[in-house]
Amino acid sequence: MTTEADTALPTPKDSVRRAAPAERRAALALLIRAARSEIGLLRAAVPWLVLAALLEALGPMLGKAFIDRHLLPRDGQLLPIAGLLGGAWLASCAASWLRYLQLLNLAGLAMRSVQRIRERVYGHVLRLPMAYFDRAIIGQIVSRVTNDTEAVKTLYVQVMFVLLDSLIMLVGMVAAMAWLDWRLMLIVALLIPAVAGIVWIYQRLSAPAVARSRAARSEINAQAAESIAGMAAIQASVAEGRFRERFAAVNQAHYRARQDELRANAWLLRPALDFLNVAMIGAVIAAFGLRQHGGALGAAEVGVLYAFVSYIARVVEPLIQITMQFSQLQQAVVAAARVNTLLDEAEVPSAAAGSGVSEGRICVRALNFGYLPGRTVLHDVSLDIEPGRFIGIVGHTGSGKSTLLSLLLRFYEAPPGSLFIDGVAPAEMGDEAFRRAVGLVPQDPFLLAASARENIAMGRPLDASAIEIAARAAGAHALIERLPQGYETPLGEGGARLAVGEKQLIALARALAGRPRILLLDEATSHIDSETEGVVQRALLALHGQVTVLAVAHRLSTIREADEIVVFHHGRIVERGTHAQLMDIADGRYQRLVLLQQLESDENP
Ligand code: ATP
Ligand code: MG
């Protein structure tokens, strides 16, 4: 594909390739994972498919009887003729009906299994550690949950229905031919290697095209998702044209791949297999003629010829079916393997039981931490925070403030022995209890495409008054009341209808509604006006003595009243004390920060 070279914009993409043996094993593992509970249904379908194949085989047999017993002797007996024709018709109808029922059955099974796989994949993604999302591409994860699981359905329907049914049909037809005339059957069977050859060539031609078209589709998804998420950045940098071109390029690649795929079908599959059909019939007729030449032809054999011609058509059809599905199957295997790989990603270890947070005492001991090996972000950080205290954290961008909060939230794992809450390592606490006890107002609050009420409740069973109390405490009540439908106003995806400061207030209300023992604020006041900041400040002071508050703030006025202010610099704590104490340090870092901010606010009052 040429998209990247054409536009020089990076695009996330899934690799284009054929399934490797390991992937086949992974795909199989996934199928077994999902279908285990429904294996009974599959087993129940087999006898019905066998019966359908037998009925299907019966038709030409009856035709043969009609030709040999009635047509050639010209006996004109109406009743047996009607019986034979009616029988053939009924057998054919019954076979179709049975297969239709089994198809429904197995398609149902496939869809249920896909539903289960999808739920599992999504549930799994929800439990992946935050570190996973540092390196994951959103569009690709979305593709795993939607497209790839859908491809797994193809695998089910193909493997379980088309392959199963075609194989049973094939065996049935060959068996019927052997029963009628095994030598003629051998001639037909000799052509099977030729079919294998055609399948092989078809594979070579179409599998790469199918792989390319799937990869292009996944890329189309990823690009659309990415550009919608980043619309503001695209429009602001007038990049619409480039994005349109990039999208058009991948779209064109998709079109070309689909065309190659269709071409392989149109030029190779149908004509080649039709040719084979004719060749088989020709071979059977030739063998027949040779035998007649030898004077061995009896009247009975004309019926056999008729039956063989009918059977050959029916043998070729399942072969075409199997061949046509082959490339799809390859890709479905790749998709299933990807889903399986995602499912194999380690989840955050979950502890249903375990102690909760009762007091909110935080103890950090000689903590060293880095996201990537060899790049330490926090150096030898030690902090003892008594329950109910209000601690301010300040420091330059990139000094590790958010990182400390992430560790307290268990988004990343702190080295053993370096972090304790109420004397217990966070990893040893019960999940539910822990999350309930620790509230967060993140630097970049995320709002759901739901009402203000739902955004504060976040699925927790909270009544209207609890939500309003939390909103008032956070200073968000007035703002919500101003919205057209109050607490029921939809906030738009990601809270697009709100200003960032307003989002911060809603996020604060969300955290307070959980009645946390520990409240972590990451720049919760960076985007609100001074008046609203006063509300938040009062809210934080009201929590004094009850909730341990760690507030990261660029805006120093927010934490002026804190019991202790901790100053970070390049991942180390360089100063700590109350506002007054820190202001007394001559040429201290905190003092400089405060003076700098005063200067700024004097310039832009
Ligand atoms: P700011 O005031 O800008 O929010 P901060 O003090 O919160 O800064 P952190 O977000 O803790 O800074 O980042 C500390 C360092 O860790 C930075 O150098 C940053 O590049 C790095 N870092 C942060 N998150 C990750 C991550 N997920 N993977 C790798 N490195 C990271
Ligand atoms: Mg930060």
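According to our numbering, the sequence shown is numbered sequentially starting from 22. Heads up, the beta-carbon is just placed ideally off N, CA and C, and yes, glycines get one too. Fair warning: this is a prediction, and the values are worked out from it, not measured in the lab.
Leaving out five residues before and five after residue i in sequence, what residues of the same chain have Cβ atoms less than 8 Å from its Cβ?
i	result
Arg238	Asn168, His275
Glu327	Residue identity check: residue 327 is Tyr in the sequence provided, not Glu. Excluding residues within five positions, the ones whose Cβ falls inside 8 Å are Pro81, Gly84, Lys85, Ile88.
Val378	Ile442, Asp443, Met450, Ala454, Phe455, Ala458, Val459, Arg538, Ile539
Asp96	Arg90
Mind checking who residue i pairs with in its DSSP beta bridge?
i	result
Ile627	The structure shown has nothing for residue 627, since the chain only spans 22 to 626.
Val445	Ile442
Phe411	Val570
Phe390	Leu399
Gly460	Leu540
Pro511	Ser472
Please state whether DSSP places residue i in a helix, a strand or coil.
i	result
Ile222	helix
Ile586	strand
Gly108	helix
His600	helix
Asp608	coil
Gly416	strand
Val360	helix
Leu620	helix
Thr546	coil
Val615	helix
Ile594	strand
Leu52	helix
Ser472	strand
Pro229	helix
Pro339	helix
Pro101	helix
Pro81	helix
Pro214	helix
Pro42	helix
Pro68	helix
Phe329	helix
Phe182	helix
His575	coil
Ser486	helix
Ala435	coil
Ala520	coil
Phe154	helix
Pro370	coil
Within 8 Å: the Cβ of residue i and any heavy atom of ligand 3?
i	result
Gly421	With respect to ligand 3, the structure shown offers nothing to examine, as its ligands consist of ligand 1 and ligand 2.
Going by other Cβ atoms of all chains shown within 10 Å of its Cβ, with 16 needed for buried, is residue i buried or exposed?
i	result
Asp401	exposed
Thr418	exposed
Val146	buried
Met206	buried
Ile53	exposed
Tyr508	buried
Gly319	Confidence at Gly319 is low in this model, with a pLDDT of 49, below 50, so its placement is unreliable and the value that follows should be read with caution. Exposed, since its Cβ has fewer than 16 Cβ neighbours within 10 Å.
Tyr121	exposed
Leu617	exposed
Arg431	buried
Pro292	exposed
Gln352	buried
Met194	buried
Phe309	buried
Gly395	exposed
Pro447	buried
Val183	buried
Ser227	buried
Within a Cβ cutoff of 6 Å, which residues of the same chain sit near residue i, ignoring the five residues on either side of it in sequence?
i	result
Gly522	His548, Ile549
Ala48	Val354, Ala357, Ala358
Tyr611	Val588, Glu596, Leu603
Leu426	Leu541, Asp543
Ile527	Asn476, Ala497
For residue i, which residues from the same chain have a beta carbon less than 7 Å from its beta carbon, with the 5 sequence-adjacent residues on both sides left out?
i	result
Ile189	Leu70, Val71, Ala74
Tyr143	Val166
Ala532	Gly460, Leu461, Val462, Leu540
Leu577	Val415, Leu614, Val615, Gln618
Ala491	Ile477, Ala530, Leu533, Ala534
Met6	Limits of the chain in this structure are 22 at one end and 626 at the other, which puts residue 6 out of reach.
Gly609	Glu596, Leu603
With a threshold of 8 Å, are at least 3 pairs of Cβ atoms found where one atom belongs to the region 477-492 and the other to the region 427-436? no
Decide if the region 170-184 is in contact with the region 249-260; the criterion is three or more beta carbon pairs, one per stretch, under 8 Å apart.
Cβ pair count under 8 Å is below three, so no.
**Asked** Can at least three beta-carbon pairs, one atom from the region 549-568 and one from the region 469-485, be found at a separation below 8 Å?
**Response** no
| Does the region 345-355 come close enough to the region 521-539 to have 3 or more Cβ pairs within less than 8 Å? | At 8 Å Cβ cutoff, the stretches do not touch.
Inspect the CB distances between the region 330-338 and the region 402-422 and report whether three or more fall short of 8 Å. no
- Just checking, does the region 381-389 make contact with the region 563-571 on the three C-beta pairs under 8 Å criterion? yes
| message | When you compare the region 299-310 with the region 207-214, are there three or more beta-carbon pairs, one atom per stretch, that lie closer than 8 Å? | response | yes
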